[in-house]
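J.: Taken in sequence, the protein lines are chains A, B, C and D.
Anchor point for the first sequence: position 72 equals 72 in UniProt numbering, and the numbering is continuous, going up by one each time.
Anchor point for the second sequence: position 27 equals 27 in UniProt numbering, and the numbering is continuous, going up by one each time.
Anchor point for the third sequence: position 119 equals 119 in UniProt numbering, and the numbering is continuous, going up by one each time.
Anchor point for the fourth sequence: position 126 equals 126 in UniProt numbering, and the numbering is continuous, going up by one each time.
Glycine is no exception: its CB is placed at the ideal position from the N, C-alpha and C atoms.
Since the model is a prediction, treat every value here as computed from it, not as a measurement.
4 protein chains.
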Amino acid sequence: MTSAESAGEPDAPRPPARRRSPGRPDRRAARREQVLDTAARMFFERGYEATTTTEIGAELGLLKGSVYYYISSKEDLLYEIVEQYHRDTRTYFDRIEASDAPPLEKLRELITTETAHTATNLTRSSLFYTEWRSLSPERQRTIVAERARHEQAVLAWITEARAAGAVRADLDPKIATYAIFGMVNSAYRWFRPDGRLTAEEIGREFCELVLSGLEVR
Amino acid sequence: MTSAESAGEPDAPRPPARRRSPGRPDRRAARREQVLDTAARMFFERGYEATTTTEIGAELGLLKGSVYYYISSKEDLLYEIVEQYHRDTRTYFDRIEASDAPPLEKLRELITTETAHTATNLTRSSLFYTEWRSLSPERQRTIVAERARHEQAVLAWITEARAAGAVRADLDPKIATYAIFGMVNSAYRWFRPDGRLTAEEIGREFCELVLSGLEVR
Amino acid sequence: MTSAESAGEPDAPRPPARRRSPGRPDRRAARREQVLDTAARMFFERGYEATTTTEIGAELGLLKGSVYYYISSKEDLLYEIVEQYHRDTRTYFDRIEASDAPPLEKLRELITTETAHTATNLTRSSLFYTEWRSLSPERQRTIVAERARHEQAVLAWITEARAAGAVRADLDPKIATYAIFGMVNSAYRWFRPDGRLTAEEIGREFCELVLSGLEVR
Amino acid sequence: MTSAESAGEPDAPRPPARRRSPGRPDRRAARREQVLDTAARMFFERGYEATTTTEIGAELGLLKGSVYYYISSKEDLLYEIVEQYHRDTRTYFDRIEASDAPPLEKLRELITTETAHTATNLTRSSLFYTEWRSLSPERQRTIVAERARHEQAVLAWITEARAAGAVRADLDPKIATYAIFGMVNSAYRWFRPDGRLTAEEIGREFCELVLSGLEVR
DNA sequence: TATGAATGAGGCTTCATTCAT
DNA sequence: AATGAATGAAGCCTCATTCAT
């Protein structure tokens, strides 16, 4: 399903599902993706707890029970939605971290990419930040750990740049790190795909603001 | 600082409730405040939906039914908790806005105060930002409206300072506003009262970072 | 008119409570009577189940718990109200039955008296007819038995009069009996003390209608 | 479901519900009707307030939660039961009123039909008269308004007949109206389907009694 | 593939009642 | 004579989930 979500869905379309046999497209997987997308949108709009399986079914033209043909539990549904987002996050983060750009360049790249990613996956990113509490403790831990990894890295970059004299010595790297994530991750709350600025432009603004705040004049 | 809260409660104690008869402290109101505080902490720890009235009662040494001697509904309980925070917010915001300091001074003052406020009322601020969805539509509207008011004001301050040449012309005031609120309001997620830095110090860091990012060099 | 009822109370005032000692009026009994009257009115207006002890207390300027200083249970309260009415009913019924008037005269007397009684004790009679189900099985039985006794008597009177040729032979005495009670006992539903006709006039109308319907022309 | 309800149910069977697909009888609707009938009987026997959803479920071989597969709330359940009765009432009333029979003929027809209707729908009529207080204010209003309409019509008929000299001038039409409804509507309290007389016979008795009471000799 | 019927656990809330003060 | 705090039982209702068809 390359596309055409119901009007309210601000997320970018997921890539089409894999096909089992070339001749016969796997309809099940396609429908499954549809279930995920619909649920994601509804969770985004009303919250996870407030969305019932009955409602999800209705939105899909299915009865409550039929939804379980595609999912194994409501929590799994949420997890899968969040996991997709999470996975993407990991991907670009690993790439950036592995690069040999100077630390502030990495930071710039992370801010830009993460802002764009958040903005292009509004509903999923929103769920990632607001509904993780409804996941099982173990799954929460996975997510928290990954976030911590990102924070550690950013902290390390800033610390490194500071040691190298590129970042103001009078700033606390840890607080700066929190500030950056607070700023970037807030995008899901107010970004509108049809707004005045694109995700890229917003990323650039963030970089300007933060980096010129950090940098030694 | 009359009251010893259970260890987990990071919020500053509320001032004692009004007394009905001057000589004899109003026990009821005190207990009621205890209920609010306990519930606030539990909502903070597990989330509003995940906290049952049975659990709240148990934590207070009451049966679930008995909790209703002090509250009228679970949602009202949440609202009251959030409203206290909300009210305080309004108070200092109005004071700052009414002052005749230059716009960037107002901004500095707001960032500092709001950061401190968030940090000193960790659980309540947390609920304010994460559980407002569990409130009735009307109550949600109240909160959203107030937040919008703050954002409008900050936007106006930045715009004004920019027009006066005090803020870089290449930055978008609106994005800057969002960035500031994202930063400041993220404090409830990571601030720890027993941490290395005080709320005031964090506020100062934020100001440094943001203002030197905004200001024309 | 010894007692000042709240405006809505259509029942005739109960006689003042007995005094324990001539010099010191028994305040408790008086207050108790007030509780009965207030409860009776509220049960009448909202129904027994729908009236809470909290509300009864509030109406009396008391707290929930304090009401129990005067009553032993909510059901007892209802029973006592209904019992007063019941007792009166028994009194005049016994008097009529014991008289040596001819059967149709007794019938006339019963219709008149019962209509008047119903009308003068609107709330209590209403409860007698509508809320008896909330009483304990045993108490229900008492009431049902008494009503049956009245019906038996009326049936006997009509049968006797019919045997004597005073009542039409083509009418079924049992149905006539039911009809009469249905008619008379419906008064609590529509009688208004400030209406066009007095209770006595209504009683007379009933007699006219029924007796001329029954009597051989 | 043409029949054979559990022994205690004195109401006539409802006509079968509409079918969704012509070939396959709609089981759901049938079961739903069963729920209504069972609940009606239980409300009749113990009263609405005294009947719990748990009990209704048990009687149907269901858990309390499962009952809600067929109903939306306990009050809705009551309303639907009462509404069916109400609807029937309206139907025959409109027919009679629209006829061009002379007023006393209409009266006779109404008494007969209403008595029969009450008797053939004992439980529902009973609920109609005794449990309407448990309905929402708006629903109460609907019912009260309809009853008032019937009373107005009967009052008009009697008044008309009286003006034409067919009814005794010394009787008050309004009281006569109340008397008639009191009489007819009391049937649910004592009618037994297996009794000595049929509903039709009882209706005839009522007519005899009332009309010969009303008519000028 | 999807339905329909039911489960079962649990949630929020209400309320008559008690009892020490 | 009345209060305030709490109890405890029960009530209505919701919902994720299952499973035979």
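Could you tell me which residues DSSP puts in a beta bridge with B:Glu215?
T.: Here residue 215 of chain B refers to the residue found at position 215 when the second sequence is read from its first residue. Looking at the DSSP assignment, B:Glu215 forms a beta bridge with B:Val167.
J.: By the DSSP assignment, the alpha helix (DSSP H) with D:Leu77 in it spans what residues?
T.: To locate residue 77 of chain D, count along the fourth sequence from 1; it is residue 77. Run containing D:Leu77: Lys74 to Ala98, per the alpha helix (DSSP H) assignment.
J.: Candidates D:Asp37, D:Thr198, D:Lys106 and D:Trp190: which alpha carbon is nearest D:Tyr92's?
T.: Indexing the fourth sequence from 1 puts residue 92 of chain D at position 92. Here the closest residue by C-alpha is D:Lys106.
J.: May I ask you to list, following chain order, the residues of the stretch 69-98 of chain A that have a beta carbon less than 7 Å from some beta carbon of chain B?
T.: The stretch 69-98 of chain A vs chain B, Cβ under 7 Å: nothing.
J.: Grab the span of the alpha helix (DSSP H) containing C:Arg46 for me, first residue to last.
T.: Residue numbering aside, residue 46 of chain C sits at position 46 when the third sequence is read from its first letter. That run of the alpha helix (DSSP H) goes Arg27 to Arg46.
J.: Determine which residues of the stretch 193-210 of chain D have a Cβ less than 9 Å from any Cβ of chain C, and write them out in chain order.
T.: Listed by position, the residues of the stretch 193-210 of chain D near chain C (Cβ gap below 9 Å) are Arg196, Leu197, Glu201, Ile202, Glu205, Phe206, Glu208, Leu209 and Val210.
J.: With DSSP as the reference, label D:Pro103 as helix, strand or coil.
T.: Start at 1 with the first residue of the fourth sequence, and residue 103 of chain D comes out as number 103. DSSP places D:Pro103 in helix when its eight states are reduced to three.
J.: I'd like to know if C:Thr118 contacts chain D, where contact means its C-beta is closer than 8 Å to some C-beta of that chain.
T.: Taking the first residue of the third sequence as position 1, residue 118 of chain C is located at position 118. Closer than 8 Å: no.
J.: For D:Arg65 and chain C, any beta-carbon pair shorter than 8 Å?
T.: Working through the fourth sequence from its first residue, we reach residue 65 of chain D at position 65. The displayed chain sequence assigns Gly, not Arg, to residue 65 of chain D. Answer no: the Cβ-Cβ gap between D:Gly65 and chain C never drops below 8 Å.
J.: Any Cβ of chain A within less than 8 Å of the Cβ of B:Ser21?
T.: As a first step, residue 21 of chain B must be located in the second sequence, where it is residue number 21. Residue confidence for B:Ser21 is low, a pLDDT of 39 falling below 50, so the modelled location carries little weight; the figure read from the coordinates is stated next. So no, B:Ser21 is outside the interface.
J.: Please tell me whether C:Pro103 and C:Trp157 are closer than 8 Å, where the distance is taken between their beta carbons.
T.: Position 103 of the third sequence, counted from the first residue, corresponds to residue 103 of chain C. Position 157 of the third sequence, counted from the first residue, corresponds to residue 157 of chain C. Contact flag set, yes.
J.: Nearest-angstrom Cα distance between B:Ala166 and A:Ile202?
T.: As a working mapping, residue 166 of chain B is identified with position 166 in the second sequence. As a working mapping, residue 202 of chain A is identified with position 202 in the first sequence. Each residue's Cα considered, the two are about 21 Å apart.
J.: Have a look at C:Arg162 and D:Arg41 and give me their C-alpha separation to the nearest angstrom.
T.: For the purposes of this step, residue 162 of chain C is taken as the residue at position 162 of the third sequence. For the purposes of this step, residue 41 of chain D is taken as the residue at position 41 of the fourth sequence. Rounded to whole angstroms, C:Arg162 to D:Arg41 spans 38 Å at the Cα level.
J.: Would you say C:Arg217 reaches chain D, if we count a Cβ-Cβ gap shorter than 8 Å as a contact?
T.: Walking along the third sequence from the start, residue 217 of chain C turns up at place 217. So yes, C:Arg217 belongs to the interface.
J.: In chain B, which residues lie with their C-beta within 9 Å of the C-beta of A:Arg133?
T.: The residue labelled residue 133 of chain A in the question sits at position 133 within the first sequence. The contacting residues are Arg46, Gly47, Glu49, Ala50 and Thr130.
J.: Quick one: does B:Met42 have its CB under 8 Å from some CB of chain A?
T.: By one-based count along the second sequence, residue 42 of chain B stands at place 42. No, its Cβ sits nowhere closer than 8 Å to a Cβ of chain A.
J.: Work out the CA separation of D:Lys174 and C:Pro22 for me, nearest whole Å.
T.: If you number the third sequence from 1, residue 22 of chain C lands on position 22. If you number the fourth sequence from 1, residue 174 of chain D lands on position 174. In this prediction, C:Pro22 scores a pLDDT of 47, lower than 50, which makes its location untrustworthy; the coordinate-derived value is nonetheless stated afterwards. Approximately 49 Å between the Cα atoms of the pair.
J.: Using only the alpha-carbon positions, how far apart do B:Tyr129 and C:Val67 sit?
T.: Taking the second sequence and counting its residues from 1, one reaches residue 129 of chain B at position 129. Taking the third sequence and counting its residues from 1, one reaches residue 67 of chain C at position 67. Computed Cα separation, rounded: 45 Å.
J.: Return the chain-ordered list of same chain residues with a C-beta closer than 6 Å to the C-beta of B:Phe44, the five sequence neighbours on each side being excluded.
T.: The sequence position of residue 44 of chain B within the second sequence is 44, counting from 1. Cβ neighbours of B:Phe44 beyond the five flanking positions: Thr123 and Ser126.
J.: So B:Tyr178 contacts chain A; which residues on that side make the cut at Cβ distance below 7 Å?
T.: Counting from one through the second sequence, the residue named residue 178 of chain B turns up at place 178. Within chain A, the residues near B:Tyr178 are Ser186 and Trp190.
J.: I want to know whether the stretch 69-87 of chain A touches the stretch 134-151 of chain A - three or more CB-CB distances under 8 Å.
T.: The answer is yes - the stretch 134-151 of chain A touches the stretch 69-87 of chain A, with three or more Cβ pairs under 8 Å.
J.: Enumerate in chain order the residues of its own chain whose CB-to-CB distance from B:Pro70 is below 7 Å, with the five nearest sequence positions on each side excluded.
T.: The residue you call residue 70 of chain B lines up with position 70 of the second sequence. Residue identity differs from the one stated: residue 70 of chain B is Tyr in this sequence, not Pro. If we look at B:Tyr70 and ignore the five residues flanking it on each side, its Cβ neighbours are Arg31, Arg32 and Val35.
J.: Against chain D, does C:Pro122 count as a neighbour if the rule is that its beta carbon must be under 8 Å from one of theirs?
T.: Along the third sequence, read from residue 1 onward, the residue named residue 122 of chain C stands at position 122. What sits at residue 122 of chain C in the sequence shown is Leu, not Pro. It does not; no Cβ of chain D falls within 8 Å.
J.: With DSSP collapsed to three states, give me the class of C:Glu200.
T.: Residue mapping note: residue 200 of chain C aligns to position 200 of the third sequence, counting from 1. Three-state DSSP puts C:Glu200 in a helix.
J.: I'd like to know whether the C-beta of A:Asp26 is nearer than 8 Å to at least one C-beta of chain B.
T.: As a first step, residue 26 of chain A is located in the first sequence; it is residue number 26 there, counting from the start. No, A:Asp26 lies away from the interface with chain B (no Cβ there is under 8 Å from its Cβ).
J.: Once the 5 residues before and after D:Arg24 are set aside, which same chain residues still bring their CB inside 8 Å of it?
T.: Against the fourth sequence, residue 24 of chain D aligns to sequence position 24. Because D:Arg24 carries a pLDDT of 42, less than 50, the predicted location of this residue cannot be relied on, and the following value inherits that uncertainty. Nothing listed; no residue qualifies.
J.: At a Cβ threshold of 8 Å, is B:Ile175 touching chain A?
T.: For the purposes of this step, residue 175 of chain B is taken as residue 175 along the second sequence, with counting starting at 1. Yes, B:Ile175 lies at the interface with chain A (some Cβ there is under 8 Å from its Cβ).
J.: Who are the Cβ neighbours of C:Tyr188 in its own chain at under 7 Å, not counting the five residues just before and after it?
T.: For the purposes of this step, residue 188 of chain C is taken as the residue at position 188 of the third sequence. So the list reads Thr118, Leu122, Ser125, Ser126 and Tyr129, once near-sequence residues are dropped.
J.: Within 10 Å of its beta-carbon, does B:Thr177 have 16 or more other beta-carbons around it, so buried, or fewer, so exposed?
T.: By 1-based counting over the second sequence, the position of residue 177 of chain B is 177. Label assigned to B:Thr177: buried.
J.: Do B:Glu208 and A:Leu171 have their C-beta atoms within less than 8 Å of each other?
T.: Within the second sequence, numbered from 1, the residue matching residue 208 of chain B stands at position 208. Within the first sequence, numbered from 1, the residue matching residue 171 of chain A stands at position 171. Yes, these two residues count as a Cβ contact at 8 Å.
J.: Determine, using beta carbons only, whether A:Val212 comes closer than 8 Å to chain B.
T.: Residue 212 of chain A sits at position 212 when you count from the first residue of the first sequence. For clarity, residue 212 of chain A is Ser in the given sequence; the question names Val instead. Output row for A:Ser212: interface = yes.
J.: Taking the runs of the alpha helix (DSSP H) that are 4 residues or longer, which of them lie wholly in the stretch 107-192 of chain D?
T.: Segments of the alpha helix (DSSP H) lying fully in the stretch 107-192 of chain D: 122-130, 137-163, 173-185 and 187-190.
J.: Assuming the contact rule is C-beta atoms closer than 8 Å, D:Ala39 and D:Leu63 should be a hit. Round their C-beta distance to whole Å, please.
T.: Looking up residue 39 of chain D in the fourth sequence gives position 39. Looking up residue 63 of chain D in the fourth sequence gives position 63. Going by Cβ atoms, the distance from D:Ala39 to D:Leu63 rounds to 15 Å, so no, they are not a contact pair.
J.: Just checking my contact of A:Ile96 with A:Thr115 at CB under 8 Å: how many whole Å lie between their CB atoms?
T.: Reading the first sequence from its first residue, position 96 is the one you call residue 96 of chain A. Reading the first sequence from its first residue, position 115 is the one you call residue 115 of chain A. No, A:Ile96 and A:Thr115 are not in contact; Cβ-Cβ is about 13 Å, not under 8 Å.
J.: Can you list, in chain order, the residues of its chain whose CB lies under 8 Å from that of B:Glu215, leaving out five sequence neighbours each side?
T.: Position 215 of the second sequence, counted from the first residue, corresponds to residue 215 of chain B. Cβ within range, chain order: Leu104, Ala166, Val167 and Arg168.
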